[in-house]
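What follows is one structure encoded as C-alpha cells, with my remarks underneath.
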Amino acid sequence: MSLTLEALRRVSIFSDLQESAAIQILGRFQVRTFKKDNLIVSQDSPGDALFVLLEGRVKVVLYGENGREIILKLLNAGDFFGEMSILDGEKRSANVIAMEGTTVCSLSREDFIEHLRENPDTAFNILGIMSRRLRYADQLIGNLTLLDVYARLAQVLIDLATEEKDERTSGHWIKKRPTHQDLANMIGTSRETVSRAIGEFQRRGLIHIEGKALILSQTFVEQNFADFD
Ligand code: CMP
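1 is the number of the first residue of the sequence shown in our numbering; add one for each residue after it.
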C-alpha cells in the first residue's frame, strides 16, 4: 500500500502544501500497519521517524511503577506523532500504542527536517498543534489537582466529543467510546470508579450509550460539575 496525494492532503499539517512539494514528499513516506496493542513508538528509543496516522487510533502512554498506564492523549486519523524527539534531539518522550488495527505512514528524521526547512507552512501547522497539545496537558495537570473524579471524567468526555465534532454532526458524540479502563488511565483513577460515574451519569439521563457511541446531552455539556454529587 502506498500513500496517495488525496490521503496526504487530508493530514492537517500538510494541507497547505504546494502541489510540487506534496508530490516530492509523497514518495518518501513508508506505509506500515499495526495490530491492536502493538507498540509503534517505544519510550526512550531514538527519534528516527515522524508518523502520520492514516487509519485507526493510538494512545500516547507512560508506564508508572507496577506497570500502571497513564494515557496522555488519544490520537486519531489525520494526527501526527514522533515529532518531539526529532525536534529536541532527546529520546522518545512516551510510548505510542495501537488501540485497534492502525495504518501509519512514516517519514525519516532527515526527510522530515529537510521538509520543515523548505516548507514553513508545515512547520507553523506543527507549532500550532504542539501548542494545542501543551494547552491540553496544562489543563489536565490543573484538573488533576483541582477537580474531583466526576468533573475530570466529564471534562475528558466533553474534550473527546469536541475533538470529533465537525460541520456534519450535530450534538455531542464520541463515536468510538474508549473502554472504562482507558478513561480511568486518562484521569488517574480506577476502572471501578469510572464505571460507577458513567452509571450515575446514565441514571441521571446526562449521557446515553448507543452501540459503540456515547452521546452527551446538552445539559451534561453545560453542567457545572464542581458541585456534582
Ligand atoms: P516523541 O517524543 O518523538 O515520541 C512520542 C510521541 O508521543 C511524541 O514525540 C509526541 O508526538 C507524542 N506525545 C508525547 N506527549 C504527548 C502529549 N502530551 N500529547 C500528545 N502527544 C504527545
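No residue lacks a Cβ here, since even glycine has one placed at the ideal position from N, Cα and C.
Compute every distance between the C-beta of Arg133 and the non-hydrogen atoms of the ligand CMP, then say whether any falls below 7 Å. yes
Any non-hydrogen atom of the ligand CMP closer than 7 Å to Ser195 Cβ: no
Quick check on this structure: which residue in Ser190, Asp148, Thr162 and Ile198 has the alpha carbon closest to the alpha carbon of Asp227? Asp148
Could you work out which residue in Arg191, Met130, Glu118 and Ala213 is closest to Leu160 when comparing CA atoms only? Ala213
What number of angstroms, rounded off, separates the C-alpha of Leu116 from the C-alpha of Ile209? 43 Å
Which runs of the beta strand (DSSP E) at least 3 residues long sit entirely within the region 149-176? Give them in chain order. 172-174
Here's a check: name, in chain order, each residue in its chain whose Cβ is nearer than 6 Å to the Cβ of Ser93, leaving out the five neighbours to either side. Met84
Closest by CA to Gly211, which one among Leu183, Glu192, Ile174 and Phe225? Ile174
Any idea what DSSP makes of Ala77, helix, strand or coil? coil
Tell me whether the beta-carbon of Val61 lies closer than 8 Å to the beta-carbon of Ile97. yes
When you measure from the CB of Gly171 to every non-hydrogen atom of the ligand CMP, does any distance come out below 7 Å? no
For the ligand CMP, is there a heavy atom less than 7 Å away from the beta-carbon of Ser93? yes
Can you round the beta-carbon distance between Ser108 and Arg32 to whole angstroms, since I take them to be within the 8 Å contact cut? No, Ser108 and Arg32 are not in contact; Cβ-Cβ is about 13 Å, not under 8 Å.
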